[in-house]
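Peer 1:
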Amino acid sequence: MLKALFSYAKRDGGRSIKYNGTKMAKKKVQAVTEEGIAEGEEFSRGTSINTLVDEWIKNYTKDRKEATVQIINFLIKACGCETGELTVDEYEEDEAQELLNGIITPEYLKEGEMNYPIVTRKGTNFASQFAKFWNQIISKNHQFSYQGMSIALCTRLKSSRHELLNGIITPEYLKEGEMNYPIVAQKGTNFASQFAKFWNQIISKSTNKILFDGHFLDSISSWISAFSNALARPFRHTATMAAMEVNSALIKVINERINKDISALDRSISTERRKGASSGSQKMKDLTKKKNRLEQNKQQLQEAMNVLYKGYRDTVPKIRCTCVEALGRWINSYPEFYLDDKLLKYIGWALSDKDARVRILALKVVERLYAQPELADTLEIFISTFENRLIQMVADNEIDVGVEALKVVTLQTEMKELSEEDMQRMYQAITDGHMKIRLEAAKFV
1 MLKALFSYAK RDGGRSIKYN GTKMAKKKVQ AVTEEGIAEG EEFSRGTSIN
51 TLVDEWIKNY TKDRKEATVQ IINFLIKACG CETGELTVDE YEEDEAQELL
101 NGIITPEYLK EGEMNYPIVT RKGTNFASQF AKFWNQIISK NHQFSYQGMS
151 IALCTRLKSS RHELLNGIIT PEYLKEGEMN YPIVAQKGTN FASQFAKFWN
201 QIISKSTNKI LFDGHFLDSI SSWISAFSNA LARPFRHTAT MAAMEVNSAL
251 IKVINERINK DISALDRSIS TERRKGASSG SQKMKDLTKK KNRLEQNKQQ
301 LQEAMNVLYK GYRDTVPKIR CTCVEALGRW INSYPEFYLD DKLLKYIGWA
351 LSDKDARVRI LALKVVERLY AQPELADTLE IFISTFENRL IQMVADNEID
401 VGVEALKVVT LQTEMKELSE EDMQRMYQAI TDGHMKIRLE AAKFV
């Protein structure tokens, strides 16, 4: 399988590719197992993500440890790190960070930081395929059976994992690859979109035997977490992209499967009650037990989503943008969980980000929320906390930020009336502002 997964990180349509000015001849990569996709099927040249995901799931059901090593190595290669590779013998479930430290070498940090698959192959759909892969891993592994489910995701990484990660991120990598990793460097391919699709489908296609076996999500989340905390930007960037897609796929499982199953059980319980069944009847006990188990599973997935969302504080604007944009989507698709002050605060903090792109994305998220007056009560704390900042942003040095901020404040007035002082500040910002600000102000006045 890795023959197909790794090929995209090394080849571009049969041509040799350059990493940070250094030509690399295409070369074959040995698969971890004899099973897998035939040599020559390239991830970035049209290999079916469904095929890749199904092949990996088949491998996992036979040997989950070996399959886990396959996907970890896939993630390492996606970071543009050619020297780091994990063996089955080296792999331990609690040593993700230690191994990763051994892969991200100084050499990698030097050569590949800006040239990794999800940003370098702009002409292909690697990112979307990468995301789809992880989405399908979840959806294909979800059933009604949840016995033994354990998603106690790692929020703390053992010191041994840090050592292993240092062994991967070598001085050579730091020197050669820090700015030249696949998702940013291969502008002629679709690596980033395929990469995203891959991770999305690997989640969405997983059956319960994988998704809830107490190993798969533990391993994936701990390694993604380790990558997202790495010193090397390619590892953080690539892991963030994977995490966003995994999270989106988990939300889909909750929305389309778990919640649907809970609703069906609620209807069955209501039907039994209308028939006069008591809460102590065996039928009612069975239905209630199933519902409680589903609620517990839902909570476990929500805990997993909390672990996966980290990059909003990253030093790289592109990573922060990815996180803000994703959180905005999740608020819309799963408001039951994400429309909450403890998560909305990340959007509020992004309003003060030093990068204008992040500020604009945060404003667009707020704009979508404020366009729904019925959310006024839910957003009360957010509005009161960040109202002053939003008014300040009308006078932002970046014109586009100021225009977007004015749109948001205009919508806010439908939820909460501005004070006289704030009105004066608004008018002053409009009077002193760019023509675009004054044109937008016509809607406000």
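Letter by letter, the sequence shown follows residues 1 to 445 of UniProt numbering. Heads up, the beta-carbon is just placed ideally off N, CA and C, and yes, glycines get one too.
Hey, ALA249 and ILE319: beta-carbon distance below 8 Å or not?
Peer 2: Here residue 249 corresponds to residue number 249 of the sequence shown, with the count starting at 1. Here residue 319 corresponds to residue number 319 of the sequence shown, with the count starting at 1. Result no, Cβ atoms of ALA249 and ILE319 do not sit closer than 8 Å.
Peer 1: Please list the terminal residues of the continuous alpha helix (DSSP H) segment that includes CYS321.
Peer 2: As a first step, residue 321 is located in the sequence shown; it is residue number 321 there, counting from the start. Taken as a continuous stretch (DSSP letters only), the alpha helix (DSSP H) holding CYS321 covers 317-333.
Peer 1: Which one of ASN200, GLU82, GLY214, HIS237 has the shortest CA to CA distance from THR322?
Peer 2: Working through the sequence shown from its first residue, we reach residue 322 at position 322. Out of ASN200, GLU82, GLY214, HIS237, HIS237 has the C-alpha closest to the C-alpha of THR322.
Peer 1: Taking buried to mean at least 16 other C-beta atoms within 10 Å of its own C-beta, is ASN247 buried or exposed?
Peer 2: Translated into the one-based positions of the sequence shown, residue 247 becomes position 247. Looking at its Cβ environment, which holds 16 or more other Cβ atoms inside 10 Å, ASN247 is buried.
Peer 1: For ILE169, which beta-bridge partners are listed by DSSP?
Peer 2: Start at 1 with the first residue of the sequence shown, and residue 169 comes out as number 169. BP columns for ILE169 point to THR105.
Peer 1: Considering THR61, what are the terminal residues of the alpha helix (DSSP H) in which it resides?
Peer 2: Residue mapping note: residue 61 aligns to position 61 of the sequence shown, counting from 1. Residues 49-62.
Peer 1: In terms of alpha-carbon separation, which member of ASN73, ILE331, LYS197, LYS342 lies closest to TRP223?
Peer 2: Taking the first residue of the sequence shown as 1, we reach residue 223 at position 223. If we check each option's Cα against that of TRP223, ASN73 comes out closest.
Peer 1: Can you list, in chain order, the residues of its chain whose CB lies under 6 Å from that of GLN412, leaving out five sequence neighbours each side?
Peer 2: Sequence index remark: in the sequence shown, residue 412 carries index 412 (1-based). Excluding positions up to five away in sequence, the list reads TYR370.
Peer 1: By the 10 Å Cβ neighbour count, where 16 or more other Cβ atoms means buried, how is THR240 classified, buried or exposed?
Peer 2: Here residue 240 is taken as the residue at index 240 of the sequence shown, counted from 1. THR240 should be labelled buried.
Peer 1: For the alpha helix (DSSP H) containing ASN180, list its first residue and its last residue.
Peer 2: Locating residue 180 in the sequence shown gives position 180, counting from the first residue. From DSSP, ASN180 is part of no alpha helix (DSSP H); its letter is neither H nor E.
Peer 1: In whole angstroms, what is the alpha-carbon distance linking GLN299 and GLU172?
Peer 2: Position 299 of the sequence shown holds residue 299. Position 172 of the sequence shown holds residue 172. Each residue's Cα considered, the two are about 43 Å apart.
Peer 1: The alpha helix (DSSP H) that contains ARG257, what's its start and end?
Peer 2: Mapped onto the sequence shown, residue 257 falls at position 257. It is not in any alpha helix (DSSP H) - ARG257 carries neither H nor E in the DSSP assignment.
Peer 1: Give me whichever residues DSSP pairs with PHE195 in a beta bridge.
Peer 2: Working through the sequence shown from its first residue, we reach residue 195 at position 195. Paired residues: none, contrary to the question.
Peer 1: Taking all protein chains shown into account, decide if VAL88 is buried (16 or more other Cβ within 10 angstroms of its Cβ) or exposed.
Peer 2: Translated into the one-based positions of the sequence shown, residue 88 becomes position 88. VAL88 comes out exposed.
Peer 1: Give the straight-line distance between the Cα atoms of THR431 and LEU344, rounded to the nearest whole angstrom.
Peer 2: Residue 431 sits at position 431 when you count from the first residue of the sequence shown. Residue 344 sits at position 344 when you count from the first residue of the sequence shown. Spanning the two alpha carbons is a distance of roughly 31 Å.
Peer 1: Taking GLN194 as the reference, which of VAL366, SER48, GLU417, ALA304 has the closest Cα?
Peer 2: Taking the first residue of the sequence shown as 1, we reach residue 194 at position 194. That would be SER48, whose Cα lies nearest to the Cα of GLN194.
Peer 1: Taking PHE133 as the reference, give the member of ARG438, ASP377, MET244 with the closest Cα.
Peer 2: On the sequence shown, position 133 is the one that residue 133 refers to. The option with the nearest alpha carbon to PHE133 is MET244.
Peer 1: Of the choices ALA362, ASP286, ILE220, THR410, whose alpha-carbon is the least far from that of ALA442?
Peer 2: For the purposes of this step, residue 442 is taken as the residue at position 442 of the sequence shown. The shortest C-alpha separation from ALA442 is found at THR410.
Peer 1: Assuming PHE130 and PHE198 form a contact by the criterion Cβ under 8 Å, report the distance between their Cβ atoms to the nearest whole angstrom.
Peer 2: For the purposes of this step, residue 130 is identified with residue 130 of the sequence shown, where counting begins at 1. For the purposes of this step, residue 198 is identified with residue 198 of the sequence shown, where counting begins at 1. Yes, they are in contact, since the Cβ atoms of PHE130 and PHE198 sit about 4 Å apart, within 8 Å.
Peer 1: Could you compute how far the alpha carbon of ALA264 sits from the alpha carbon of ASP340?
Peer 2: Taking the sequence shown and counting its residues from 1, one reaches residue 264 at position 264. Taking the sequence shown and counting its residues from 1, one reaches residue 340 at position 340. Rounded to whole angstroms, ALA264 to ASP340 spans 26 Å at the Cα level.
Peer 1: Could you tell me the boundaries of the alpha helix (DSSP H) in which ASN229 lies?
Peer 2: By one-based count along the sequence shown, residue 229 stands at place 229. No alpha helix (DSSP H) holds ASN229; DSSP gives it neither H nor E.
Peer 1: Decide if the segment 360-375 is in contact with the segment 283-303; the criterion is three or more beta carbon pairs, one per stretch, under 8 Å apart.
Peer 2: No, the segment 360-375 is not in contact with the segment 283-303.
Peer 1: Along the chain, where does the alpha helix (DSSP H) containing ASP422 start, and where does it finish?
Peer 2: Position 422 of the sequence shown, counted from the start, is the residue given in the question as residue 422. That run of the alpha helix (DSSP H) goes 420-432.
Peer 1: Which residue from LEU361, LYS416, ASN397, LYS407 puts its Cα closest to that of ASP377?
Peer 2: In the sequence shown, residue 377 corresponds to position 377, counting from 1. With distances taken between Cα atoms, ASP377 lies closest to LYS416.
Peer 1: Check each candidate in GLU82, LEU301, ASN397 and name the one with the smallest Cα separation from ILE258.
Peer 2: The residue given as residue 258 occupies position 258 in the sequence shown. Among GLU82, LEU301, ASN397, the Cα nearest to that of ILE258 belongs to LEU301.
Peer 1: Kindly indicate which three-state DSSP category SER263 falls into: helix, strand or coil?
Peer 2: For the purposes of this step, residue 263 is identified with residue 263 of the sequence shown, where counting begins at 1. SER263 falls in the helix class under three-state DSSP.
Peer 1: Who are the near neighbours of VAL312 in its chain, counting only those whose CB is closer than 8 Å to its CB and skipping five residues on each side?
Peer 2: Sequence index remark: in the sequence shown, residue 312 carries index 312 (1-based). In the sequence as presented, Val is not what sits at residue 312; that position holds Tyr. The residues are ARG320, CYS323, VAL324, LEU327, TYR346, TRP349, ALA350.
Peer 1: Look at the alpha carbon of LEU294 and the alpha carbon of ARG359, and state the distance between them as a whole number of angstroms.
Peer 2: By one-based count along the sequence shown, residue 294 stands at place 294. By one-based count along the sequence shown, residue 359 stands at place 359. Cα to Cα, the separation comes out at about 38 Å.
Peer 1: Taking the DSSP output, what are the residues bridged to PHE130?
Peer 2: If you number the sequence shown from 1, residue 130 lands on position 130. Note: PHE130 sits in a beta bridge opposite GLN194, PHE198.
Peer 1: Within this structure, are the beta carbons of GLU336 and PRO373 separated by less than 8 Å?
Peer 2: Here residue 336 refers to the residue found at position 336 of the sequence shown. Here residue 373 refers to the residue found at position 373 of the sequence shown. Taking 8 Å as the Cβ cut-off, GLU336 and PRO373 do not qualify as a contacting pair.
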